[in-house]
DNA sequence: TCAATGCTGAAGTGTCTACTTGACTGTTGA
DNA sequence: TCAACAGTCAAGTAGACACTTCAGCATTGA
């Protein structure tokens with residue numbers, strides 16, 4: 125079934141929206157840092173945060189909907205864990221783009237070095253590739 | 125001067141806010157993907173996006189304020205470039221947390237394997253470290 | 001010279017976000 | 001049994017966000 129693949133690709137886009145949005149809040153990043161050192165309860169996550177418990181719960185929901193955190197409730201305590209898989213997918217998106225630019229800049233540097241000019245990318249420097257949009 | 129260091133650390137937090145927020149929008153990520161293949165003008169970045177040019181400009185501003193993109197104007201054309209350094213700092217934040225969890229899970233797996241139980245992290249499994257919060 | 005191009009700035013609008021308070025439920029330990 | 005605890009749910013609010021339209025301003029190519 126082809127639709128499944130397309131749907132999966134579209135979901136990946138929406139997933140990245142949620143993941144990066146979850147990461148964009150300093151309080152949530154603090155929670156993730158705490159969780160990187162081991163599982164924790166909701167109220168434990170909120171302890172350093174100067175906000176109501178209800179607000180903390182909402183942040184945990186954002187983290188959980190993004191897939192960055194998984195949790196399970198035992199008795200009255202909800203224990204949260206960091207999910208490294210989701211963390212990895214965000215990391216991969218960034219590193220793929222970064223390596224592309226870096227490689228391009230490397231090629232440009234080599235080109236400039238072997239041609240004559242100074243080794244920085246000038247505004248109207250000729251591109252080393254044939255592509256005129258570079 | 126000690127305050128300089130503190131200020132720098134606080135700025136790093138605010139910077140990550142801006143970077144991850146910039147990354148959380150699918151349109152802006154599309155722009156970054158285009159820029160990973162080479163510099164581009166503002167209107168070129170907006171071409172695949174089905175929104176007004178003014179909106180595109182606002183997105184470019186968000187990207188530029190986050191440090192992900194740098195731009196310069198020549199004549200009437202503003203040329204944008206992806207800044208790999210900022211991309212790297214976001215990537216590093218993620219990978220540092222990810223490696224912490226993964227290492228912890230690895231240790232737990234080894235512990236469970238050499239003790240007796242099945243190799244998955246059960247909800248009430250005993251922790252391999254002395255720390256009772258694990 | 002003049003119209004088209006590429007962008008900028010300001011103001012307006014609907015929606016989303018990050019909280020708050022307060023009332024409530026199930027769990028635990030004394 | 002009963003109070004303290006851990007979390008949940010719902011509703012309300014101020015501010016942020018992602019757009020829009022419209023007016024304006026250099027720059028450029030014919």
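Residue numbers (my numbering), protein chains in the order written: chain A, 125 to 258; chain B, 125 to 258.
Cβ atoms here follow ideal geometry from the backbone N, Cα and C, with glycine treated the same way.
It should be emphasised that the depicted structure is a prediction, and the values quoted were computed from it without experimental measurement.
- About 11 angstroms separates the beta carbons of residue 190 of chain B and residue 144 of chain A, which is beyond the 8 angstroms limit, so they are not a contact pair.
- Listed along chain B are 221, each with a C-beta nearer than 8 angstroms to that of residue 157 of chain A.
- With a cutoff of 8 angstroms on beta-carbon distance, residue 130 of chain A and residue 155 of chain A are scored as not near each other.
- Nearest Cα to residue 161 of chain A within the set B:220, B:233, B:201, B:168: B:220.
- The beta carbon of residue 176 of chain A sits no closer than 8 angstroms to any beta carbon of chain B.
- The beta carbon of residue 173 of chain A lies closer than 6 angstroms to those of 151 in the same chain, with the five residues before and after it left out.
- Per DSSP, reduced to three states, the secondary structure at residue 195 of chain B is strand.
- At a cut-off of 8 angstroms between C-beta atoms, residue 208 of chain A counts as an interface residue with respect to chain B.
- Taking the C-beta atoms as reference points, residue 192 of chain B is found no nearer than 8 angstroms to residue 203 of chain B.
- In chain order, 218 make up the part of chain A whose C-beta sits under 7 angstroms from the C-beta of residue 214 of chain B.
- Taking the beta carbon of residue 150 of chain B as reference, the chain A residues within 7 angstroms of it are 137, 141, listed in sequence order.
- Against residue 226 of chain A, the close residues of chain B are 208, in the order they occur along the chain (beta-carbon pairs closer than 7 angstroms).
- In chain order, 177, 180 place their CB closer than 8 angstroms to the CB of residue 167 of chain B, counting only its own chain and leaving out the 5 sequence neighbours on each side.
- In the structure shown, residue 200 of chain B adopts coil according to DSSP, grouped into three states.
- A distance of 8 angstroms or more separates the beta carbons of residue 158 of chain A and residue 215 of chain B.
- Contact note: residue 145 of chain A reaches chain B through 148, using a C-beta cutoff of 7 angstroms and chain order.
- Within chain B, no residue has its beta carbon less than 7 angstroms from that of residue 199 of chain A; the closest one is some 11 angstroms off.
- The beta carbon of residue 162 of chain B sits closer than 8 angstroms to some beta carbon of chain A.
- In this structure, the straight-line span from the alpha carbon of residue 164 of chain B to that of residue 197 of chain B is close to 11 angstroms.
- With respect to the 8 angstroms criterion, residue 234 of chain B and residue 208 of chain A are not classified as neighbours on the basis of their beta carbons.
- DSSP places residue 237 of chain B within a helical segment (H, G or I) once states are collapsed to three.
- When secondary structure is reduced to three states using DSSP, residue 219 of chain A falls in the helix class.
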